[in-house]
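Protein chains in written order, with this note's numbering: chain A, 23 to 490; chain B, 43 to 331.
Glycine included, every Cβ here is placed at the ideal spot set by N, Cα and C.
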């Protein structure tokens, strides 16, 4: 086929579980490409001389190269090529916002639809897992220098993998009883099956990375303890796990909970399998979710799957400003989630038993752009209305958790509690690096991975100059 | 790395109270009065907070006291010496503040709440304070650690609702006598929510009684214990949002809105019952006692 005709091949649409069916289960919504679909999709890539997609990727995967290898039926070569840059391809192929990254900069997107890079990445990673072809990525010879990675979220996992490949003796310290951070407690099973996260962590173990669970650094162990244990450098990737809460009257009614609690109960503790699993979740019939990000959409869709009759998302701006991924927004619409834009809750009202009964919402209009660059929502006087509901889930963002930073008072943090670090993750303290949400505030999985990778590079340079 | 149960002793004669020594050297090394751990017994288990009732840094042991109230605590009571608990994480929560106060301190433990009183009494006595302990329960079979508390107290007063031991009535009875007669610097109350509520009310400066600074220990429903989930948040009269896990567990009893909190703690009761009943049935089937 020629180039001109290839661009006219329509972008292959990823298969999905039917909405009417999937709202009753926690199985994955997106089912990925078939071999045939992948083969057609790779033909659409122009193999540009100056590929823009790579610049759009926060970890700079050599996208044209892995697509070329799929084309040549060398799937093993393709997965190896991806893993040179990204240790979690099965995760990123699912949860990366490709539409604003690699696929946005794909040359085809100017006139046609971009190559489905995310779906292809997922295809190769799934192929490797299904055929059990996982292999240990190439590593430099072990140098026996101990390095500690704090937190096993996307930043920590990436940093640990890169450090192991540089030859370091890496231990990850995780506060929870499972690894993956936000990938396991935050993102629901139907968007990212937990066995995939576990499987990606297996790759790290192949690299010799040790993972110690139930270790809260700052509580169970301090950085000083780790230094005594022989660790020479530290990467802090503890994320932004503290839920934002506005002091709205009625916050303490039964039925008002944070998205963090709601999602941790369901995802990490598997409350959707109660009573097989002991952790319960209670939602009632009508659920309102406050917020417009991925966490809000995840919460809404989890609520639906737990048996809610009606789920309403209340967001103070409009559809256009929602930080959530488009794809997930469309999924939510398909599943029947109701959206009430330009609305902001002002009060939660309870019944005689202090259980939530209604929320009072104020209509908003958009004003001039605020610090975030998005138009500022402004309240419209006397526009209050009530929504009857049994549960309200607050998903308006997260803040820095001070547990670790409080234990290292000399570590420089900004006024919001985030760690001050340069592009290489260097903090004001020697040997201590940081990256991901604990530096930038809530962002994406892949940007945290990018930060983990940059930090590993800087740590490698630091450790080599000092100890080797 | 699972956490081995080194010792299990029944407390009192009710058959529902147990003391367990668990090998958790890292936690023992950092533990202090006021701290708690979160445990998950097995793969399908929930995370429940339990106060560290004692610790031995040299031996790497933490002591937990458990009262059977639902499935998880019943399941825990079925574990024996040599068995392992899948996850124990901590120490969580703030250390208690220890200083030498001008006047004596009254420490009140209700039921299973007697256990967390011990490390607090121990530390505060070591700081040079005079401790008066009040131990209360429904009946004498639920009272334990009499001798242990006596070691760290100037005086121990026992209270039972049914009068089977010591003063008949609630812990507030002797407390009222003490604060109306003597100068007291601090009251610490740990036990059932309703007991802590009544104590905090009594010391809030009602009637002709003096207002006495009062700490209560909030053992609310929690998941992570590090400030992430917000499930443990407690309603406070100062209008601020407080988390029991990171702002507590020991907090000023006079700011807690106990009525709302009592209701909040009931939010999963139907599920708790279902879980408990199912497990009881299973126990019957497999003859577990």
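The beta carbon of residue 344(A) sits closer than 6 Å to the beta carbons of 314 from its chain, once the five residues preceding and following it are set aside; these are given in chain order. The C-alpha of residue 67(B) lies about 13 Å from the C-alpha of residue 241(A).
For residue 269(B), the residues of chain A that pass the 9 Å Cβ criterion are 263, 264, 265, 423, 424 and 425, in the order they occur in the chain. With a minimum length of 3 residues, the unbroken runs of beta strand (DSSP E) contained wholly in the region 99 to 186 of chain A fall at 168 to 172. Interface flag for residue 374(A) against chain B is unset, since no Cβ pair is found closer than 8 Å.
Here the region 35 to 47 of chain A makes no contact with the region 75 to 84 of chain A; the two share fewer than three CB pairs at distances below 8 Å. Those residues of the region 285 to 311 of chain A placed with their C-beta closer than 7 Å to a C-beta in chain B are 286, 287, 291, 296, 297, 298, 299, 300, 301, 302 and 304, ordered along the chain. Closer than 8 Å to the CB of residue 378(A) there is not a single CB belonging to chain B. The criterion of a C-beta distance shorter than 8 Å is satisfied by residue 147(B) and residue 171(B). Here the region 220 to 232 of chain A does not lie against the region 254 to 272 of chain A, with fewer than 3 beta-carbon pairs under 8 Å apart. For residue 256(A), the uninterrupted beta strand (DSSP E) segment begins and ends at 253 to 258. Within 10 angstroms of the beta-carbon of residue 42(A) lie fewer than 16 other beta-carbons, which makes it exposed.
Per the Cβ contact rule, the region 267 to 277 of chain B is not in contact with the region 236 to 256 of chain B (fewer than 3 Cβ pairs under 8 Å). For the pair of segments examined, the region 119 to 137 of chain B was found to touch the region 63 to 77 of chain B: the number of CB pairs separated by less than 8 Å reaches three. At a cut-off of 8 Å between C-beta atoms, residue 280(A) counts as an interface residue with respect to chain B. Put simply, the CB of residue 262(B) is far from chain A, with every gap to its CB atoms at 8 Å or more.
Looking at 475(A), 141(A) and 382(A), the one whose alpha-carbon comes closest to that of residue 365(A) is 382(A).
DSSP, reduced to helix, strand and coil, places residue 441(A) within a strand of the structure shown. Residue contact check for residue 86(B) against chain A: a CB pair falls below 8 Å. Around residue 197(A), the beta-carbon contacts reaching into chain B at under 8 Å are 131, 266 and 268. Among the CB atoms of chain B, none fall inside 8 Å of the CB of residue 87(A). For residue 242(A), the nearest CB of chain B lies under 8 Å from its own CB, placing it at the interface with that chain.
For residue 240(B), the uninterrupted alpha helix (DSSP H) segment begins and ends at 235 to 244. For residue 195(B), no Cβ of chain A is located within less than 8 Å of the residue's own Cβ.
When DSSP states are grouped into helix, strand and coil, residue 260(B) belongs to the coil group. Close to residue 216(A), with beta-carbon spacing below 9 Å, lies no residue of chain B; the smallest spacing is near 13 Å. Each residue's CA atom was taken as its position, placing residue 284(B) and residue 193(A) some 34 Å apart. Between the region 205 to 215 of chain B and the region 178 to 194 of chain B, the count of Cβ pairs shorter than 8 Å is three or higher; the stretches touch. Contact check for residue 221(B) against residue 209(B) fails: the beta carbons are separated by 8 Å or more. Check the Cα spacing between residue 132(B) and each of 125(A), 215(A) and 244(A): the tightest is with 244(A). Shown here for residue 51(B): same chain residues with a beta carbon closer than 6 Å to its own, the five before and five after excluded, namely 61 in chain order. Restricting attention to beta strand (DSSP E) runs no shorter than 3 residues, the region 128 to 180 of chain B encloses them at 129 to 134, 147 to 152 and 173 to 179, ordered along the chain. Shown here, residue 83(A) sits in coil according to DSSP, grouped into three states, outside any helix or strand. Secondary structure within the region 276 to 341 of chain A: the beta strand (DSSP E) runs of 3 or more consecutive residues, fully enclosed, are 278 to 280, 308 to 312 and 332 to 336 (chain order). At a cut-off of 8 Å between beta carbons, residue 136(B) makes no contact with chain A. In the assembly as shown, residue 56(A) is an exposed residue. Its beta-carbon has fewer than 16 other beta-carbons within 10 Å.
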